[in-house]
Amino acid sequence: MHKYIAKRLLLILPTLLGAAVLVFFLLRAIPGDVCEVRLAGSGLYVDEAEIELCREKLGLAKPLIVQFWDFITGYVVWDLGDSMWTGKPVTEEIGLRFKLSLQVAIMATLVAVVIAIPLGAISAIKQDTWIDYVVRSFSIAGIAMPSFWLGILIILGLLIGTQHFLGTPWMPPIEYVSPFKDLASNMAQLIWPAVATGYRYSAVATRMTRSALLEVLREDYIRTARAKGMTEKIVINRHALKNAMLPVFTIIGIEFAFLMGGLVVTEQVFNLNGIGKLFVESVQAQDFAMTQQLVMLVVVIAVVTNFVVDLVYAWLDPRIRYA
Amino acid sequence: MVTVNPAADADELEELSKSWSSQLIDLIRRQPLASAGGLVVLIMIFATIFANFLTPYDPEAASWVNQLTPPSAEFWLGTDAFGRDILTRIIYGARTALFVGFTAAFVGATGGLILGVASAYFGGRFDIICQRLVDIVMAFPLIVLALAVVATLGASTVNVIIAITIPFIPQCARVVRSSALAIREIPYVDAARALGYSHMRIIMKHMIPNVMAPYLIMLTTFVGQAILLEASLSYLGMGVQEPTPAWGLMLQGGAEEFAESAPWVPIFPGLAITIAVFGFNLFGDGLRDVLDPRLRSR
Numbered sequence: 000m001h002k003y004i005a006k007r008l009l010l011i012l013p014t015l016l017g018a019a020v021l022v023f024f025l026l027r028a029i030p031g032d033v034c035e036v037r038l039a040g041s042g043l044y045v046d047e048a049e050i051e052l053c054r055e056k057l058g059l060a061k062p063l064i065v066q067f068w069d070f071i072t073g074y075v076v077w078d079l080g081d082s083m084w085t086g087k088p089v090t091e092e093i094g095l096r097f098k099l100s101l102q103v104a105i106m107a108t109l110v111a112v113v114i115a116i117p118l119g120a121i122s123a124i125k126q127d128t129w130i131d132y133v134v135r136s137f138s139i140a141g142i143a144m145p146s147f148w149l150g151i152l153i154i155l156g157l158l159i160g161t162q163h164f165l166g167t168p169w170m171p172p173i174e175y176v177s178p179f180k181d182l183a184s185n186m187a188q189l190i191w192p193a194v195a196t197g198y199r200y201s202a203v204a205t206r207m208t209r210s211a212l213l214e215v216l217r218e219d220y221i222r223t224a225r226a227k228g229m230t231e232k233i234v235i236n237r238h239a240l241k242n243a244m245l246p247v248f249t250i251i252g253i254e255f256a257f258l259m260g261g262l263v264v265t266e267q268v269f270n271l272n273g274i275g276k277l278f279v280e281s282v283q284a285q286d287f288a289m290t291q292q293l294v295m296l297v298v299v300i301a302v303v304t305n306f307v308v309d310l311v312y313a314w315l316d317p318r319i320r321y322a
Numbered sequence: 000m001v002t003v004n005p006a007a008d009a010d011e012l013e014e015l016s017k018s019w020s021s022q023l024i025d026l027i028r029r030q031p032l033a034s035a036g037g038l039v040v041l042i043m044i045f046a047t048i049f050a051n052f053l054t055p056y057d058p059e060a061a062s063w064v065n066q067l068t069p070p071s072a073e074f075w076l077g078t079d080a081f082g083r084d085i086l087t088r089i090i091y092g093a094r095t096a097l098f099v100g101f102t103a104a105f106v107g108a109t110g111g112l113i114l115g116v117a118s119a120y121f122g123g124r125f126d127i128i129c130q131r132l133v134d135i136v137m138a139f140p141l142i143v144l145a146l147a148v149v150a151t152l153g154a155s156t157v158n159v160i161i162a163i164t165i166p167f168i169p170q171c172a173r174v175v176r177s178s179a180l181a182i183r184e185i186p187y188v189d190a191a192r193a194l195g196y197s198h199m200r201i202i203m204k205h206m207i208p209n210v211m212a213p214y215l216i217m218l219t220t221f222v223g224q225a226i227l228l229e230a231s232l233s234y235l236g237m238g239v240q241e242p243t244p245a246w247g248l249m250l251q252g253g254a255e256e257f258a259e260s261a262p263w264v265p266i267f268p269g270l271a272i273t274i275a276v277f278g279f280n281l282f283g284d285g286l287r288d289v290l291d292p293r294l295r296s297r
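As they're listed, the protein sequences go chains A and B. Number 322 marks the last residue of the first sequence (numbering that gives the first Met the number 0); no jumps. Number 297 marks the last residue of the second sequence (numbering that gives the first Met the number 0); no jumps.
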């Protein structure tokens, strides 16, 4: 087990390094940079020397390989550079927004679990009845529906609904308030994006719960439990569901890793000032320093989550032992 | 001497005597959801080909007189802020969605097929390097990688296709590789090698035909995913550009601006995306059931 953990940890490093190489050179593969966007973006004539000066200041004039070395060594001394657009340290810009994105991600996961596990279980127990069909259609629709459209529909519904019943249209608050300071206002802002992302996220988990539970229900020990005269409730809750949860947790973990990516669009719809919105803005401004650190952040979250999911899986299921 | 198997003959006769329509009804009864998906796919292809004949309006021409008209007999789904008929733009949008979806899915899945089979066939160091590369690309969430590619290349329809294709290749390569690994161990591959066939011939004639099932399943899944991804990128303004009709683009700035005045603007294009992706997913699920029953539980 320790050997396995060590081996997996050693494999994480080359993956992260490879991702860093990919991002770094991908962003610089085509001419054009933040200086051109900033100075020449207005369409006016700009002195070539001025652009050169700007590049000099931001370190873009250095040879690529030197820039890459600075980028990598930055992690060792924890200096991730300054945003090429605002001039503030990248860590500060991300730190400001990370709380919000993380909270939405966690709430979306909770929404997904709350939807997926009961629905998936009912669907499996009532297999091939109309309930099963309704649940399955509901979950396939979740995969097909773009989360940003669901977000738009939620905003539309809120505006029209409040207009109709309260007389004045109500919009979720724009400013982020810490949940420890003002829970009501925090929830009023973040519950909607969490539902919009969580529904989509629940679709995969619902299907997983259903198929895992169906598989477990065919096991011999379930027949034994039933033969002993246990009530169906106990058979499902104590015997079946517990064992069916393993693959469901894995899929929830893996999806969580990719949730940060999904937030890119959702934050745009709800106008949330999180890292997803920051990412889109920095991509549009060709702010390499910011873009590459944000991509790396998402990749690190994905890789680490996968690693943790694997370990937890082995810990929960003693049958699995890694060599 | 030709031996005749009467039983097989009778089966064949019965199969032939069934009319085309009764075979279709059979298929619908066996695979109702997949047939519904297939119908959506057919409707989209139909709209793509005959868009010019289906609607009298121009999808790109602005008309200031008809700005934000509610749905009516003249404009079935209303008009947008530029006075363009929404139904027309949805029909032409199917063209964009299918073009992007099919191209990205086909190139991505085929690239993955070649990479996956080669990786399994050659094994050794080549396989390890390929797998590491696949790991690296798969560590990126789909939309993040696609956005980074668009950031590099600039936003246009062709670049969106490239941006969507790149993350598909490793996904398909991984699935195909695991199927191809099993096939490599089957004696006929050894036999082909013993006969002195070239690597190219063994891969093309003996390996690839046997991994067609996972390839086709990935391909149909990718079309749905690509349509969704293209819509997301276009919605963010990083995809297909105005005035080209695209579903994601039609949703831009849709919510707050038009909530009270024109809710039809954001509702219908989103519905089109949902139905299209729904259709391709159902079709893909059905295809998987038919082609590879072992994968059914997933």
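No residue lacks a Cβ here, since even glycine has one placed at the ideal position from N, Cα and C. Computed from a predicted structure; not experimentally measured.
Give the interface partners of residue i over in chain A, defined as CB-CB distance under 8 Å, in chain order.
i                : result
asparagine 280/B : Ile139, Ile142, Ala143
alanine 147/B    : Val22, Leu25, Leu26, Val282, Thr290, Val294
threonine 95/B   : By Cβ distance, chain A contributes nothing, its closest Cβ being about 15 Å from threonine 95/B, past 8 Å.
methionine 217/B : Under the 8 Å cutoff, chain A gives no residues; its nearest Cβ is about 16 Å from methionine 217/B.
leucine 141/B    : Phe257, Gly260
Bridge partners for residue i per DSSP, in chain order?
i              : result
threonine 78/B : Asp84/B
aspartate 81/A : Pro88/A
Going by Cα to Cα distance, which pick from the options is closest to residue i?
i                : options                               : result
glycine 156/A    : Ser20/B, Ile266/B, Gly285/B, Gly37/B  : Ile266/B
tryptophan 77/A  : Leu213/A, Gly166/A, Thr90/A, Leu57/A  : Thr90/A
aspartate 284/B  : Met203/B, Pro166/B, Ile48/B, Ala35/B  : Ala35/B
alanine 301/A    : Gln188/A, Ala18/A, Leu99/A, Val203/A  : Ala18/A
isoleucine 90/B  : Tyr56/B, Gln22/B, Leu32/B, Ala138/B   : Tyr56/B
alanine 123/A    : Phe306/A, Pro62/A, Ala239/A           : Ala239/A
serine 71/B      : Trp263/B, Ala271/B, Val276/B          : Trp263/B
threonine 249/A  : Glu35/A, Thr196/A, Thr304/A           : Thr304/A
leucine 25/A     : Ala162/B, Gly92/B, Val188/B           : Ala162/B
leucine 53/B     : Trp63/B, Thr87/B, Gly82/B             : Thr87/B
glycine 278/B    : Thr219/B, Ala190/B, Pro268/B          : Thr219/B
alanine 179/B    : Pro58/B, Ile201/B, Tyr196/B, Ala261/B : Ile201/B
valine 110/A     : Asn272/A, Arg318/A, His1/A, Leu189/A  : Leu189/A
tryptophan 191/A : Phe179/A, Trp148/A, Thr85/A           : Trp148/A
glycine 94/A     : Val65/A, Ile154/A, Met289/A           : Met289/A
isoleucine 274/B : Ile42/B, Leu26/B, Thr156/B, Arg29/B   : Ile42/B
arginine 183/B   : Tyr120/B, Phe45/B, Ser260/B           : Tyr120/B
serine 210/A     : Lys227/A, Ala256/A, Arg135/A          : Arg135/A
leucine 270/B    : Gly92/B, Leu235/B, Ile24/B            : Gly92/B
leucine 132/B    : Leu15/A, Ile114/A, Ala28/A            : Leu15/A
Closer than 7 Å to a non-hydrogen atom of the ligand MG - does that hold for the CB of residue i?
i                : result
methionine 289/A : Absence of the ligand MG from the depicted structure is noted, as is the absence of any ligand whatsoever, leaving it without description.
By the criterion of Cβ-Cβ separation under 7 Å, what are the contact partners of residue i in chain A?
i                   : result
phenylalanine 277/B : Ile139, Ala140, Ala143
threonine 151/B     : Leu25, Leu26, Ala28, Ile29
serine 231/B        : Pro145, Phe147, Val264
isoleucine 272/B    : Pro145, Trp148
leucine 227/B       : Pro145
List the residues of chain A whose Cβ lies closer than 9 Å to the Cβ of residue i, in chain order.
i                : result
methionine 237/B : Val279, Val282, Gln283
tyrosine 234/B   : Pro145, Phe147, Trp148, Val264, Gln267, Val268
Would you mind telling me which residues of chain B sit closer than 9 Å to residue i, beta carbon to beta carbon, in chain order?
i              : result
threonine 14/A : Arg131, Asp134, Ile135, Ala138
Can you pull the chain B residues whose beta carbon is under 7 Å from the beta carbon of residue i, in chain order?
i              : result
glutamine 66/A : Residues of chain B passing the Cβ test: none, with the nearest at roughly 16 Å.
alanine 202/A  : Those within 7 Å of alanine 202/A in chain B number zero; the least Cβ separation is about 10 Å.
glycine 94/A   : By Cβ distance, chain B contributes nothing, its closest Cβ being about 19 Å from glycine 94/A, past 7 Å.
In chain B, which residues lie less than 8 Å from residue i when you measure between Cβ atoms?
i             : result
alanine 325/A : The requested residue 325/A is not part of the displayed model; chain A covers only 0 to 322.
Stretch-stretch touch, CB-based, cutoff 8 Å, three pairs: the stretch 262–276 of chain A with the stretch 235–254 of chain A: Counting Cβ pairs under 8 Å, fewer than three are found: no touch.
Do the stretch 128–144 of chain A and the stretch 289–298 of chain A meet, that is, are 3 or more Cβ pairs less than 8 Å apart? no
Contact between the stretch 92–100 of chain B and the stretch 141–155 of chain B: three or more CB pairs below 8 Å? no
Taking contact to mean 3 or more Cβ pairs, one atom from each stretch, closer than 8 Å, check whether the stretch 111–131 of chain B and the stretch 201–217 of chain B are in contact. yes
Give the residues from the stretch 156–189 of chain B that approach chain A closer than 7 Å (Cβ to any Cβ), ordered along the chain. none
Looking at C-beta atoms only, is the number of pairs between the stretch 1–11 of chain A and the stretch 298–315 of chain A that lie closer than 8 Å three or more? With a cut-off of 8 Å, the stretch 298–315 of chain A and the stretch 1–11 of chain A count as touching, because enough Cβ pairs lie within range.
Do the stretch 161–170 of chain B and the stretch 132–148 of chain B meet, that is, are 3 or more Cβ pairs less than 8 Å apart? yes
Given 8 Å as the limit, is there contact between the stretch 160–172 of chain A and the stretch 277–286 of chain A, that is, 3 or more CB pairs closer than that? no
Closer than 9 Å, Cβ to any Cβ of chain A: which residues of the stretch 119–139 of chain B, in chain order? Taking 9 Å as the Cβ-Cβ cut-off against chain A, the residues of the stretch 119–139 of chain B that qualify are Arg131, Leu132, Asp134, Ile135, Val136, Met137, Ala138, Phe139.
Specify whether the stretch 127–137 of chain B and the stretch 196–208 of chain B touch according to this definition: at least 3 beta carbon pairs, one from each stretch, less than 8 Å apart. no
Tell me whether the stretch 97–111 of chain B and the stretch 218–236 of chain B touch, counting them as touching only if at least three CB pairs, one residue from each stretch, are closer than 8 Å. As far as the Cβ criterion goes, the stretch 97–111 of chain B touches the stretch 218–236 of chain B, which means the pair count is three or higher.
May I ask you to list, following chain order, the residues of the stretch 244–263 of chain A that have a beta carbon less than 9 Å from some beta carbon of chain B? Ala256, Phe257, Leu258, Met259, Gly260, Gly261, Val263
Give the residues from the stretch 178–199 of chain A that approach chain B closer than 9 Å (Cβ to any Cβ), ordered along the chain. Flagged: no residues at all.
Proximal residues, the stretch 296–310 of chain A versus chain B, C-beta separation under 7 Å: Val297, Val298, Ala301, Val302
Near-chain B residues of the stretch 160–171 of chain A - C-beta to any C-beta below 8 Å: Gln162, Pro168, Met170
For the structure I just gave you, are there three or more beta carbon pairs, one from the stretch 191–201 of chain A and one from the stretch 99–109 of chain A, closer than 8 Å? yes
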